[in-house]
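A.B. asks: Below is the structure I would like to discuss, written out as structure tokens.
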Amino acid sequence: MKAYIAGHRGMVGAAILRRLEKRQAAGEDLTLVTRSHAELDLTDQACVLDFFADERPDLVILAAAKVGGIHANNTYPADFIWDNMMIQANVINAAWKNGVTRLLQLGSSCIYPKSIPQPMREDALLTGTLEPTNEPYAIAKIAGIKMCESYNRQYGVDYRSVMPTNLYGPGDNFHPENSHVLPAMIRRFHAAKENGLDEVRIWGTGTPRREFLHVDDMADASLFVLDLDKATYDANTQPMLSHINVGTGQDVSILELAQIVARVVGYSGKIGTDTSKPDGTMRKLMDVSRLRRMGWDASIDLEHGVESTYAWYLQHLDSLREK
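In the numbering used here, the protein residues as written are 50 to 372.
Following this line, the structure appears as structure tokens:
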């Protein structure tokens with residue numbers, strides 16, 4: 050079987066690729082196909098069609114996306130909606146045109162409305178107004194789900210979508226402006242420890258609650274969903290409500306997260322708050338009962354996950370400073 054992993058250099062795509070390489074090494078009949086952005090621009094429809102016509106993969110894992118935190122989403126909303134819409138439309142359509150019957154698309158928990166009961170169930174999709182700070186990205190991800198469902202209904206293919214909660218882990222983005230909250234905290238608390246700072250101030254009030262899933266758990270869950278037989282998948286989903294939440298089912302406040310990071314990093318100073326900065330959505334916790342019924346649950350707890358992520362950060366600190 051030939052599998053194409055789109056976005057193999059991203060944090061999630063790389064984790065999925067590592068798992069597939071282990072399967073390959075164990076003797077599974079797998080040919081793995083990857084392309085860097087320099088080799089294949091997924092926003093270019095003609096190039097994507099040519100690539101699929103040449104490679105003819107049997108399976109596609111769509112982990113490619115333009116991602117970023119609140120600051121990046123607020124600053125580049127046009128980039129976030131256009132890039133992600135084009136990537137999804139080009140890959141999904143080219144896959145169908147070239148006979149790919151199995152595809153897995155990775156989305157995001159930001160698809161859900163800003164004000165809905167917690168934890169967020171799959172059927173909360175399209176029931177309310179989205180969080181304004183990342184609405185363009187969320188709209189693109191929702192479109193990806195509906196594109197998969199539409200191709201399933203019209204063409205009889207098996208295109209599935211998984212919606213992860215906040216991800217972190219080795220290979221994360223630690224950029225000073227474009228990173229998500231957890232890697233941003235690791236970078237800031239490490240710098241504060243190195244520079245002997247008395248205080249680190251976190252964005253907002255510290256009261257919003259977030260759920261965090263280690264990327265290795267996400268890779269494991271993605272392949273679990275992809276490997277499910279169609280009868281089991283169909284029995285737990287609906288044709289127009291087919292996406293599956295992936296998370297831990299547990300959340301922490303941003304302040305509690307900061308305390309965990311400080312402890313792991315070894316920072317002993319004060320943790321303050323900057324209420325001039327936005328909190329974003331007050332709570333985002335995934336209902337993962339659908340996935341648990343299918344037989345999967347997360348295995349990496351948050352503190353151990355932060356420890357492994359910080360260890361990776363320290364190992365790659367010199368190269369990260371150059372970016």
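Note that beta-carbon positions come from the ideal geometry of N, C-alpha and C, so glycine has one too.
Owing to the predicted nature of the structure, the values given are computational and were not obtained by experimental measurement.
Among 332, 77, 298 and 308, whose alpha-carbon lies nearest the alpha-carbon of residue 341?
C.D. replies: Cα-wise, what sits closest to residue 341 is 298.
A.B. asks: Under 7 Å Cβ to Cβ from residue 319, same chain only, skipping five residues before and after it: list those, please.
C.D. replies: Cβ within range, chain order: 247 and 248.
A.B. asks: Which residue's Cα is closest to the Cα of residue 293: 301, 304, 302 and 270?
C.D. replies: Nearest option by C-alpha distance: 270.
A.B. asks: Specify, as a first and last residue, the run of the alpha helix (DSSP H) that residue 120 falls within.
C.D. replies: First-last of the alpha helix (DSSP H) with residue 120: 119 to 124.
A.B. asks: Skipping 5 residues on each side, what residues in its chain have a beta carbon closer than 7 Å to that of residue 285?
C.D. replies: So the list reads 339, 342 and 343, once near-sequence residues are dropped.
A.B. asks: Quick one: Cα of residue 309 to Cα of residue 273, how far?
C.D. replies: In a straight line, the C-alpha of residue 309 is about 29 Å away from that of residue 273.
A.B. asks: Can you check which of these residues, 211, 76 and 358, is closest to residue 233 by C-alpha distance?
C.D. replies: Answer by Cα proximity: 358.
A.B. asks: Note down the Cα distance separating residue 209 from residue 171, rounded to an integer number of angstroms.
C.D. replies: Distance between the alpha carbons of residue 209 and residue 171 is about 14 Å.
A.B. asks: Within 10 Å of its beta-carbon, does residue 57 have 16 or more other beta-carbons around it, so buried, or fewer, so exposed?
C.D. replies: Classification for residue 57: buried.
A.B. asks: Just to check my reading of the structure: residue 225 and residue 332 have Cβ atoms closer than 8 Å, yes? What is that Cβ distance to the nearest angstrom?
C.D. replies: With 8 Å as the limit, residue 225 and residue 332 do not qualify as a contact, their Cβ atoms being about 27 Å apart.
A.B. asks: Measure the CB-CB distance between residue 193 and residue 154 and report whether it falls below 7 Å.
C.D. replies: Yes, Cβ-Cβ distance for residue 193 and residue 154 is below 7 Å.
A.B. asks: Tell me the rounded alpha-carbon separation between residue 107 and residue 327.
C.D. replies: Answer to the nearest angstrom: the Cα atoms are 44 Å apart.
A.B. asks: Quick check on the burial criterion: 16 or more other C-beta atoms within 10 angstroms. Buried or exposed for residue 168?
C.D. replies: Classification for residue 168: buried.
A.B. asks: Quick test of the definition: if touching needs 3 or more C-beta pairs under 8 Å, does the stretch 115 to 130 touch the stretch 62 to 81?
C.D. replies: No, they do not touch.
A.B. asks: Nearest to residue 323 by alpha carbon, out of 303, 315 and 336?
C.D. replies: Per the Cα distances, 303.
A.B. asks: Take every Cβ of the stretch 83 to 103, pair it with every Cβ of the stretch 131 to 146, and state whether three or more of those distances are shorter than 8 Å.
C.D. replies: Yes: the two stretches touch, three or more of their Cβ pairs being nearer than 8 Å.
A.B. asks: In chain order, what are the residue ranges of uninterrupted alpha helix (DSSP H) at least 4 long that sit wholly in the stretch 182 to 209?
C.D. replies: As far as the stretch 182 to 209 is concerned, its whole alpha helix (DSSP H) runs of at least 4 residues are 184 to 204.
A.B. asks: Which ranges would you report for the alpha helix (DSSP H) in the stretch 95 to 166 if only whole runs of at least 4 residues count?
C.D. replies: List check, alpha helix (DSSP H) in window: 119 to 124 and 126 to 146.
A.B. asks: Which residue's Cα is closest to the Cα of residue 160: 132, 134, 191 and 135?
C.D. replies: Closest option to residue 160, Cα to Cα, is 191.
A.B. asks: Would you tell me roughly how many angstroms separate the C-alpha atoms of residue 85 and residue 53, rounded to the nearest one?
C.D. replies: Roughly 12 Å separates the two Cα atoms.
A.B. asks: With distances taken Cα to Cα, identify the nearest neighbour of residue 220 among 265, 198 and 212.
C.D. replies: Nearest of 265, 198 and 212 to residue 220, Cα basis: 265.
A.B. asks: Rounded to whole angstroms, what's the CA-CA distance from residue 311 to residue 245? Just pull it up for me.
C.D. replies: Their backbone Cα atoms lie some 13 Å apart in a straight line.
A.B. asks: Over the uninterrupted alpha helix (DSSP H) stretch that includes residue 314, give me the two end residues.
C.D. replies: Per DSSP, residue 314 belongs to the alpha helix (DSSP H) from 303 to 314.
A.B. asks: By Cβ distance below 7 Å, which residues in the same chain neighbour residue 176 in space, the five residues on each side in sequence not counted?
C.D. replies: Excluding positions up to five away in sequence, the list reads 162 and 165.
A.B. asks: Along the chain, where does the alpha helix (DSSP H) that runs through residue 376 open and close?
C.D. replies: Residue coverage of the chain in this structure runs from 50 to 372, which leaves residue 376 outside it and unanswerable.
A.B. asks: If we count the other Cβ atoms within 10 Å of its Cβ and call it buried at 16 or more, is residue 363 buried or exposed?
C.D. replies: Exposed, since its Cβ has fewer than 16 Cβ neighbours within 10 Å.
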